[in-house]
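Student: To start, I am sharing the structure in question, which I have written as structure tokens.
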Amino acid sequence: MGKPLTAEQIEERRAKRAARRGGSDEGAKEQSEALFIEGSVRPYQRHYVVLESHNDPMAWPAKLERSPEHLVGAYVRAIAEYFDGNIKKSPLLVTAAIPFTGACNGATQKAPVMPTEDREEGAHDVMVFPELLRIHNDSAAEADKPRNLWISSHYGGHRYAATCIVYPSGDWFGHLNDENKAQNLVEAIDDEDPLRLYELWRGRMGLTSAEMHQAVKDKAQAAEAVAENA
């Protein structure tokens, strides 16, 4: 997965990103280092997920984490206050989710209660990725180790949909929007080689932004070397 990049192509990508964003602040600099979508997850050490008891994500207020109407908003405000108003300094990532399927354990298949695309609007973040659920259920019985899948809403943002987070490693993936990507993701995780999908890899729990960028650069250059020697 992923086409090899030469050193020149790597520098060209960085230059184009920097030109598009402009400015000289540290955030823009970090973003300009990205070759693909790595670094689009902020650095964090722990992930606290608030699971909702209802099943309608459209009932959420817009900009959920900033809302005075939702518990997650209260958590985020308290954490930001502790870190002098800068939530990005917190090692704790807080999100809300509604599990649409429950856990899919082994070969057990449960019919998903999927939201439809016409309900995905505004700041409400409903991710629909049935191919991953289907491929997971088809292959789980043959997996070497237990594999559980939760289909949820409000992870990752529209810009990178569909998003998948793999734990316990804490690897994030985005743009998982077709069957081949779903199959490649399942295989990469089973092989314990998540960065094989470096074009779709958003980052990993416990890494700094610089480490995320370097990990993808190293993987892309390694893929180039393999292609040259093939």
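For what it's worth, the working numbering labels the leading residue of the sequence shown as 1193, then goes sequentially.
Cβ atoms here follow ideal geometry from the backbone N, Cα and C, with glycine treated the same way.
Because the structure is a prediction, the values reported are computed rather than measured.
1) Classify A1380 as helix, strand or coil using the three-state DSSP reduction.
2) Can you tell me the Cβ-Cβ gap for S1232 and G1366, rounded? I've got them flagged as a contact below 8 Å.
3) Give the DSSP-derived three-state secondary structure of K1411 in the structure shown.
4) Please say whether V1286 and E1244 have beta carbons closer to each other than 9 Å?
5) Report buried or exposed for L1389, applying the criterion of at least 16 other Cβ atoms within 10 angstroms of its Cβ.
6) Ignoring anything shorter than 3 residues, give me the beta strand (DSSP E) runs that lie fully in the stretch 1216 to 1283, in order along the chain.
7) How many Å lie between R1238 and K1411 at the Cα?
8) Can you tell me which of the three DSSP states N1369 falls into?
9) If you check the beta carbons only, do I1290 and R1339 fall under 9 Å apart?
10) Between the alpha carbons of A1226 and A1354, how many angstroms are there, rounded?
11) Relative to the C-alpha of Y1240, which residue among V1418, G1265, Y1352 is closest?
12) Over what stretch of residues does the beta strand (DSSP E) that includes R1396 continue unbroken?
13) Looking at the structure shown, is P1360 part of a helix, part of a strand, or coil, going by DSSP?
14) Taking the alpha-carbon positions, what's the E1384 to H1262 distance?
15) Given this structure, state the Cα-to-Cα distance separating G1423 from I1229, to the nearest angstrom.
16) Please say whether P1283 and Y1347 have beta carbons closer to each other than 9 Å?
17) Could you tell me whether the Cβ atoms of A1407 and L1387 are closer together than 9 Å?
18) Going by DSSP in three states, P1386 sits in which element: helix, strand or coil?
19) Enumerate in chain order the residues of its own chain whose CB-to-CB distance from I1271 is below 8 Å, with the five nearest sequence positions on each side excluded.
20) Given K1373, which residues of its chain have a CB within under 7 Å of its CB, disregarding the five upstream and five downstream residues?
21) What is the DSSP secondary structure of A1288, counted as helix, strand or coil?
22) If I measure Cβ to Cβ from S1259 and keep anything under 7 Å in the same chain, skipping five residues before and after, which residues do I get?
23) By how many angstroms is the C-alpha of L1324 removed from the C-alpha of E1273?
Tutor: Here's the rundown:
1) Reading the sequence shown from its first residue, position 188 is the one you call residue 1380. Residue state, collapsed to three classes: helix.
2) Mapped onto the sequence shown, residue 1232 falls at position 40. Mapped onto the sequence shown, residue 1366 falls at position 174. The Cβ separation is near 7 Å, so the contact holds.
3) Within the sequence shown, residue 1411 is the residue found at index 219, counting from 1. If DSSP states are grouped into helix, strand and coil, K1411 belongs with the helices.
4) Position 52 of the sequence shown, counted from the start, is the residue given in the question as residue 1244. Position 94 of the sequence shown, counted from the start, is the residue given in the question as residue 1286. It is not a contact, given that the beta carbons lie outside the stated cut-off.
5) Within the sequence shown, residue 1389 is the residue found at index 197, counting from 1. Buried, by the Cβ-count rule.
6) 1238 to 1243
7) Here residue 1238 refers to the residue found at position 46 when the sequence shown is read from its first residue. Here residue 1411 refers to the residue found at position 219 when the sequence shown is read from its first residue. Just so you know, the alpha carbons of R1238 and K1411 end up roughly 25 Å apart.
8) One-based indexing of the sequence shown puts residue 1369 at position 177. N1369 falls in the coil class under three-state DSSP.
9) Stepping through the sequence shown from its first residue, residue 1290 is reached at position 98. Stepping through the sequence shown from its first residue, residue 1339 is reached at position 147. Contact flag unset, no.
10) As a first step, residue 1226 is located in the sequence shown; it is residue number 34 there, counting from the start. As a first step, residue 1354 is located in the sequence shown; it is residue number 162 there, counting from the start. For A1226 and A1354, the distance between alpha carbons rounds to 19 Å.
11) On the sequence shown, position 48 is the one that residue 1240 refers to. Looking at the Cα atoms, G1265 is the closest of the given residues.
12) Stepping through the sequence shown from its first residue, residue 1396 is reached at position 204. Segment 1393 to 1396, the beta strand (DSSP E) holding R1396.
13) As a working note, residue 1360 is residue 168 in the sequence shown. In the three-state reduction of the DSSP assignment, P1360 falls in the coil class.
14) Counted from its first residue, the sequence shown places residue 1384 at position 192. Counted from its first residue, the sequence shown places residue 1262 at position 70. Rounded to the nearest whole angstrom, the C-alpha separation of E1384 and H1262 is 37 Å.
15) Nothing can be reported for residue 1423: it is not among the residues displayed for the chain, which extend from 1193 to 1422.
16) For the purposes of this step, residue 1347 is taken as the residue at position 155 of the sequence shown. For the purposes of this step, residue 1283 is taken as the residue at position 91 of the sequence shown. Not in contact: Y1347 and P1283 (Cβ atoms no closer than 9 Å).
17) Counting from 1 along the sequence shown, the entry for residue 1407 is found at position 215. Counting from 1 along the sequence shown, the entry for residue 1387 is found at position 195. Inclusion of A1407 and L1387 in the CB contact set at 9 Å is warranted, their separation being smaller than that value.
18) In the sequence shown, residue 1386 corresponds to position 194, counting from 1. Three-state DSSP puts P1386 in a helix.
19) The residue given as residue 1271 occupies position 79 in the sequence shown. Here the set comprises I1279, S1282, L1284, V1286.
20) Position 181 of the sequence shown holds residue 1373. Excluding positions up to five away in sequence, the list reads L1392.
21) For the purposes of this step, residue 1288 is taken as the residue at position 96 of the sequence shown. Strand at A1288.
22) Counting from one through the sequence shown, the residue named residue 1259 turns up at place 67. The residues are P1253, G1265.
23) In the sequence shown, the residue the question calls residue 1273 occupies position 81. In the sequence shown, the residue the question calls residue 1324 occupies position 132. Spanning the two alpha carbons is a distance of roughly 38 Å.
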